[in-house]
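Data block below; observations after.
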Amino acid sequence: MNNHYKKSLVWFRRDLRLYDQAALFHALELSESVCCCFIFDANILHKLTNKEDRRVEFIWESIRCLKEELNALGSDILVRFGEPQKLIPQLMHDLNCEALFINKDYEDYALTRDKEVALALAKVNKKVHKYKDQVLFEEKEILTATGNPYTVFSPYRNNVLKKIEFEGIQQFNCEKNKNRFAQTNTENLISLEQLGFKQTNIQSLKIHFGTKGGILLIDDFKERLHQYKEKRDFPAIKGVSYLSVHNRFGTISVRHLAKLALEKMSQGSAAWLNELIWRDFYFQILANFPHINHAKSFKTQFDAVRFENNEGFFNAWKNAETGFPIIDAAMSQLNQTGFMHNRLRMVVASFLVKDLLIDWRWGESYFAEKLIDYDFSANNGGWQWAASTGCDAQPWFRIFNPILQSEKFDAEGKFIKKYIPVLSELPKKEIHAPWVAYEKNPLTFQLRLGKDYPWPIVNHKEQREKALKMYDLKNVG
Ligand SMILES: Cc1cc2nc3c(=O)[nH]c(=O)nc-3n(C[C@H](O)[C@H](O)[C@H](O)COP(=O)(O)OP(=O)(O)OC[C@H]3O[C@@H](n4cnc5c(N)ncnc54)[C@H](O)[C@@H]3O)c2cc1C
-12 MNNHYKKSLV WFRRDLRLYD QAALFHALEL SESVCCCFIF DANILHKLTN
38 KEDRRVEFIW ESIRCLKEEL NALGSDILVR FGEPQKLIPQ LMHDLNCEAL
88 FINKDYEDYA LTRDKEVALA LAKVNKKVHK YKDQVLFEEK EILTATGNPY
138 TVFSPYRNNV LKKIEFEGIQ QFNCEKNKNR FAQTNTENLI SLEQLGFKQT
188 NIQSLKIHFG TKGGILLIDD FKERLHQYKE KRDFPAIKGV SYLSVHNRFG
238 TISVRHLAKL ALEKMSQGSA AWLNELIWRD FYFQILANFP HINHAKSFKT
288 QFDAVRFENN EGFFNAWKNA ETGFPIIDAA MSQLNQTGFM HNRLRMVVAS
338 FLVKDLLIDW RWGESYFAEK LIDYDFSANN GGWQWAASTG CDAQPWFRIF
388 NPILQSEKFD AEGKFIKKYI PVLSELPKKE IHAPWVAYEK NPLTFQLRLG
438 KDYPWPIVNH KEQREKALKM YDLKNVG
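Structure below.
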């Protein structure tokens, strides 16, 4: 018998599933009996000022799913609300567990929290086992020939693909030891209200929770995977997987997704695997360049750029009132659903920084508040890419034209019409920049600009020139 422990505790965090879960697998392998717990972390929840938060509800619903699955096995997940630094040692003591099993989390707060918990447990002679789970490759696993972390994506990706070819992708079969889940009575789940939160509109968004919800999306996407490359950039069509929230909370396994991409090799699946590797890439950037945690540009020389930071412009951007239909439609999608299509994330981020001349960190924080899939590493990476301050970023002199982006990626204006119904009667020739047709013929135009829909708050050409001056480090004194 290779059981080292009589009883262990698995602390679920951003790995809310019972299949292919590294910490759970090892706990089940090494213990006679395995208890499960989840802590609603007061240190995080108290900082969320908006008490209608789709993420908290997604987590809560996914915990409910885990509970159902464990109850069906005669077990349960113990759910607590408070500070994990106190609650985990307490649970370990109360349950008489000898070892704690967790999956690694690479974010700043999580690193400190996990160190504190490990320290508290070491004092009472309890073991802590940590595993890589949320990424394919972590920290310093993929290095350049000179032993340094990569800062450019393509060679990083090539190295990852070689490693996968050589090593394959490991899967953790938790199923085989499922008889080792601790047999317990079922506890009632703390309610959202007891956590200080209210229900959001998430139920009406057709977002499916837990592993079952993730699998539904995977099954739907499998059939479309081969078309991903052609379709992924068009927000009005179903071209992407919409799996990011499941990746964020680990209701599905990233190894499972990578395996799927490798099994169905096509141009589409290669392009999709590429995106999963971007996700890993930004995690390793976070692990190896921790200065990005402290509101610093990856390329620190760009911290000298002086943004104009006009608050009125920022409010117009947040409230979808810029007068640029594609920007306003994208921001409405974010505000109404907590999701935004990747192409549009790039377009609105570029617009905020290089048209409205606002610090990328303001946009990063707004996305952090609103995105249901918010992940520090991908969000920071995406913002720094658009702002040209990041590793392997868009060069600073390359500036998206929001009207051309709109014409190219939403040619029929279908996405715009979905999120800005007041524009739904405009023909496709006019919808991308309605002011052009309006100025020619204000009396016959279907809308009154300034009343039914805003005038554009800036002139793209003029702002482009200003952005070029602002970014040119020769001008920064
Ligand atoms: C400014 C900006 C901010 C972003 N913020 C986040 C964020 O907070 N959280 C987040 O998960 N993604 C973020 N992204 C990346 C990307 O937009 C989303 O992952 C993607 O839109 C999610 O949709 P999907 O699941 O259908 O993706 P798919 O196209 O189906 O891709 C599959 C998976 O790969 C990962 N992925 C895809 N693109 C990227 C990328 N560029 N960087 C990192 N991972 C990627 C996601 O986990 C995604 O679920 C951001 C991008 C930008 C430009």
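All residue numbers for the sequence shown refer to the working numbering, where the first residue is -12 and numbers rise by one. C-beta: ideal position from N, C-alpha, C; glycine also.
Do you know offhand how far residue i's Cα is from residue j's?
i: residue 73; j: residue 67; result: 11 Å
i: residue 98; j: residue 387; result: 37 Å
i: residue 466; j: residue 86; result: Outside the shown range of the chain (-12 to 464) lies residue 466, about which nothing can therefore be said.
i: residue 260; j: residue 129; result: 16 Å
i: residue 225; j: residue 218; result: 8 Å
i: residue 92; j: residue 56; result: 24 Å
i: residue 346; j: residue 294; result: 6 Å
i: residue 296; j: residue 343; result: 8 Å
i: residue 430; j: residue 348; result: 42 Å
i: residue 3; j: residue 238; result: 5 Å
i: residue 212; j: residue 205; result: 10 Å
i: residue 95; j: residue 277; result: 8 Å
i: residue 117; j: residue 17; result: 13 Å
i: residue 214; j: residue 191; result: 28 Å
i: residue 112; j: residue 252; result: 48 Å
i: residue 383; j: residue 365; result: 20 Å
i: residue 257; j: residue 220; result: 15 Å
i: residue 338; j: residue 411; result: 23 Å
i: residue 50; j: residue 189; result: 15 Å
In chain order, what residues of the same chain lie with their CB nearer than 7 Å to the CB of residue i, ignoring the 5 residues before and after it?
i: residue 58; result: 173
i: residue 436; result: 421, 422, 425, 442
i: residue 108; result: 76, 79, 87, 115
i: residue 164; result: 15, 16
i: residue 131; result: 137
i: residue 47; result: 179
i: residue -12; result: Its pLDDT being 42, under 50, residue -12 is placed unreliably in this model, and the coordinates cannot settle the point.
i: residue 300; result: 343, 345, 444
Helix, strand or coil for residue i? Go by DSSP, reduced to three states.
i: residue 89; result: strand
i: residue 265; result: helix
i: residue -8; result: strand
i: residue 141; result: helix
i: residue 118; result: strand
i: residue 174; result: coil
i: residue 20; result: strand
i: residue 270; result: helix
i: residue 389; result: helix
i: residue 455; result: helix
i: residue 259; result: helix
i: residue -2; result: strand
i: residue 340; result: helix
i: residue 12; result: helix
i: residue 76; result: helix
i: residue 183; result: coil
i: residue 232; result: helix
i: residue 208; result: helix
i: residue 147; result: helix
i: residue 361; result: coil
Just checking residue i against ligand 1 - is the residue's beta carbon closer than 8 Å to any of the ligand's heavy atoms?
i: residue 327; result: yes
i: residue 435; result: no
i: residue 255; result: no
i: residue 231; result: yes
i: residue 42; result: no
i: residue 228; result: yes
i: residue 360; result: yes
i: residue 369; result: yes
i: residue 310; result: no
i: residue 262; result: yes
i: residue 183; result: no
i: residue 200; result: no
i: residue 219; result: yes
Excluding sequence positions up to five away, which residues of its chain have a Cβ less than 6 Å from the Cβ of residue i?
i: residue 156; result: 242, 245, 246
i: residue 125; result: 119
i: residue 168; result: 21, 60, 62
i: residue 307; result: 315, 318, 319
i: residue 12; result: 159, 161
i: residue -7; result: 19
i: residue 460; result: none
i: residue 400; result: 415, 418
Within the same chain, show all residues whose beta-carbon is closer than 8 Å to that of residue i, passing over the 5 residues directly before and after it, in chain order.
i: residue 185; result: 38, 39, 179
i: residue 1; result: 90, 92, 121, 235, 236, 237
Any chance the stretch 370 to 378 sits against the stretch 446 to 454, with 3 or more Cβ pairs inside 8 Å? no
Should the stretch 133 to 140 be called in touch with the stretch 255 to 271, which here means at least 3 C-beta pairs below 8 Å? yes
Are the stretch 228 to 237 and the stretch 352 to 366 touching, with three or more C-beta to C-beta distances below 8 Å? yes
Okay, do the stretch -7 to 7 and the stretch 312 to 325 touch, 3+ Cβ pairs below 8 Å being the bar? no
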